[in-house]
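For the sequence shown, the tail end lands on 685 under full-length UniProt numbering, and the numbers increase by one without skipping. From the three backbone atoms N, C-alpha and C, an ideal C-beta is built for every residue, glycine too. Below is one structure, written out as structure tokens, with a few remarks after it.
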Amino acid sequence: MEYDQNRALVVARGRVEAWQGNRMVRADEFTYDRNTGVATARGNVQLIEADGQVIFADSVVLENQFKDGVLEGLRGLLAQNGRVAAAGARRTGGNLFDLSRVVYSSCNACQDDPLAPPVWQLRARTATLDQQARQARYRDAVVEFGGVPVFWTPYLQHPAGTAPRQSGFLSPTFGITGYLGAFVETPYYWAIDEQQEIVLRPQFATRQAPNLGLEYRRRFNFGEIEADGSVGYLNGDSNTERGFAGHIFSRGRFSIDETWRTGFDFNRASSEDYLRIYRYGARRLLNSSVFTEGFWGTDAYARLDARVFQGLRATDNNSQIPFVLPNLYFDWHSQPDSLGGTFTFDTWNFAVFRDQGTDTQRGAVRLGYSLPITDAQGGIWTLRAQSDLAAYAFTDLSGAPNYSTAANNGTTGMANIRAALDWRMPFVRSAGEYGQQVIEPRIQFVGGPLTGSQAGVPNEDSIDFEFTDANLFNLNRFGGRDRQEGGTRVDYALRGAWYFPNGGMLEGLAGGSYRTQRDGGPFFTGSGVEDRASDYVARARVMPVPWLEFLGRGRFDNENGATRFLDLSTSVNFDTGTAVTGGYLYTPAAPYLTPVRDRNEVAAGVTQRVGFWRFSAYGRYDIDINRPVAISASVAYEDECLLLEARFFKRFAEDPSTGNLYPANTMLLFRIGLKTIGDVGFRAI
């Protein structure tokens, strides 16, 4: 340490640290002029801010309590591995750094050759580093890959740390498709305030009129609103209708108090073709609703809502699609009584209207009781009772979706009561070092009055029925209330499981049902339970090791064993980074539902990770029509600073009204991302 009294200079050498307020300078040599307040530091200079951010330099001249100064050979480490270097810099107000001959990158240096150019870097003539706003702004900038200039821009801005939201243009997307031609999307982000934001997505194409997309989000202390919409004009090419088009997908959720909340979903679109062409999601059925619901822990739940639906397929007749006003549901579960049993009560009431088809108003209540008992031998008995009562008013019962030949207009009621005794006995056996084995037979006796075909009762909530292991032991195997299963039956199943010490397992179940009377009730032919003896249902899960799993469930004819429903899937995950999936699905056509033919499909996929690389491929194939359903493939590279991705996707779905493939069934996407700066996409086909 030296002090020159004549010139009022303080000179320190070695590992020097100097403070001014909450800022600190470290250097090999530090000189301070007490007359002018100017400090000069040389050699391994570090300028440390109050927030811990560190700026390195070869030399620096500082004044105004280290707030202003000039730096040479500046180097800085920013957030998210960002690194910046400049030949020179000027600091103003302790905040702004005006840099010259700037280089920025978030890539690590090559370990074998640290002097080699990084994977990518940004070179700019000048730049401004705003430490308060945590933004970096470049002028006359060039993006280089491996030291080779690739892209020039007059201006570029990106966050330099945990920056607050700021308005500005986002990375554009370029592309070319058969329906849009060449196009560009230039999104703009508008940070309105701390609670709300908008993203505007104007899109310009050579074969279609400009399209404007908009995303809006707002947060409240008591809820949130999210909306995604667009407006455009289709020119009528490629079998699309000519005219203005658009869509809106929106939702809102608002808390009223600790028990009640309210909300809405509003979703509408001009056509499915419009959504496919502009890639807004190929939805086929849009649901809009407004609701209020209440939660009382696990004891009770209530909901009041109104619903409107819109079908977008060419075969949809929206005049037959219902709107529901109102829909009221309430359920309640009691605490266990002195015997350990619990009561349940629920009511489900609605009014359904259609421009064409059945209009239905229904009031329904259900009361239930369940009492579990464990005997001395370990058997688990469950006594269950359930009663249903419903009243209906309806018009045009011969219309969709009932197509009934019973009375067309009128009122009716339906009552049903059923009781069941369920028994199961889990036999557990130790397999020593091989784990534990379980065999569990189960049988259930269900009794109640016959219910008949119920053709004179509107059916709004029980149209889609599938008999599987999941509903084998349900008292009413229909999902809703409009169809009631009655009579006397026996349900049976045998479940087995083997649990391995390594976390693997084998588990399976097979069962069925037998009804004492011939009356099939409301079950349609092919449902699997229309005869006395039901089809057999089964499920299996095979996971001998944690990285290999097989799942399967199915339904099989009780006379010849023919497959009536089958869903198989398997997954293999190797330590090498390889994952393989496969599946098979067979479902028969169901009355009232589309598609009207069976589904018989296989699917397979594979993903592979090798270092920074990721590869994937997927395909679905329709066996009945001998044609692919969809195929996709992708390859991606991602390291600490760079993302490169290419994707291909193709669907082979046809518009049933024209026999042509749906618009925009094929997509080729390229994306490049420079971490900490942004990404750019290119979409083709």
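Put simply, of Gln20, Arg26, Phe30, Asn22 the residue whose alpha carbon is nearest the alpha carbon of Leu9 is Phe30. Our two residues, Arg518 and Phe244, have alpha carbons roughly 58 Å apart in a direct line. With a cutoff of 9 Å on beta-carbon distance, Leu367 and Phe330 are scored as not near each other. The three-state reading of DSSP puts Asp273 in helix, counting H, G and I together.
Buried is the label assigned to Ser534, since at least 16 other Cβ atoms lie within 10 Å of its Cβ. Under the three-state reduction of DSSP output, Glu433 falls in the helix class. When the beta-carbon positions are compared, Gly447 and Thr382 stay at least 9 Å from each other.
Distance check between Gly605 and each of Thr578, Phe612, Val150 places Thr578 closest, using alpha-carbon atoms only. As the crow flies, the alpha-carbon of Asn459 is around 49 Å from that of Pro501. Counting C-beta atoms within 10 angstroms of its own C-beta, Phe465 has 16 or more neighbours from the protein chains shown and is therefore classed as buried. Nearest to Pro322 by C-alpha distance, out of His247, Val352, Tyr3, Leu304, is Val352. Look at Asn471 here: in three-state DSSP terms it is helix. Residue pairing by DSSP places Gln608 opposite Thr578, Phe615 in a beta bridge.
Apart from sequence neighbours up to five positions away, the residues of its chain that approach Arg477 with a beta-carbon distance below 6 Å are Asn471, Glu485, ordered along the chain. Taken through DSSP and simplified to helix, strand or coil, Met1 comes out as coil. Gly52 is positioned such that its CB atom lies no closer than 9 Å to that of Asp68. Met1 counts as exposed, since fewer than 16 other beta carbons sit within 10 angstroms of its beta carbon. Thr259 sits in coil when the DSSP states are folded into three classes, being neither helix nor strand. Within its own chain, the residues whose Cβ lies closer than 6 Å to the Cβ of Tyr233, once the five positions on either side in sequence are excluded, are Ala209, Phe244, listed in chain order. In the displayed model, Gln320 falls within coil according to three-state DSSP, outside both helix and strand. Closest by C-alpha distance to Arg201, out of Ile677, Tyr280, Asp622, Gln608, is Tyr280. With contacts defined as CB atoms closer than 9 Å, Lys650 and Ser632 qualify as a contacting pair. If you look at Met505, you'll find it in the beta strand (DSSP E) that goes 505 to 515. Taking C-beta separations shorter than 8 Å and ignoring five residues to either side along the sequence, the partners of Phe145 in its chain run Val119, Trp120, following chain order. Distance from Ala86 to Leu74 at the Cβ level is roughly 4 Å; contact confirmed, criterion being Cβ atoms closer than 8 Å.
Of the candidates Val602, Arg313, Leu509, Gly504, Arg313 places its Cα closest to the Cα of Arg284.
Ser59: member of the beta strand (DSSP E) spanning 54 to 63, first to last residue. With a cutoff of 9 Å on beta-carbon distance, Pro164 and Pro187 are scored as not near each other. The bridge partners DSSP lists for Lys650 are Ile631, Thr666. Residue pairing by DSSP places Tyr233 opposite Phe244 in a beta bridge. According to the DSSP secondary-structure assignment, Arg137 is paired through a beta bridge with Thr128, Gln157. When DSSP assignments are scanned along the region 14 to 99, the uninterrupted stretches of beta strand (DSSP E) that are 3 or more residues long and fall wholly within it turn out to be 23 to 33, 38 to 48, 54 to 63, 68 to 77, 83 to 92. A direct Cα-Cα distance of roughly 6 Å separates Asp567 from Tyr586. A contact is defined here as three or more CB-CB pairs under 8 Å, and the region 367 to 379 fails this definition with respect to the region 404 to 416. Taken through DSSP and simplified to helix, strand or coil, Leu566 comes out as strand. Rounded to the nearest whole angstrom, the CA to CA distance from Gln195 to Ser387 is 50 Å.
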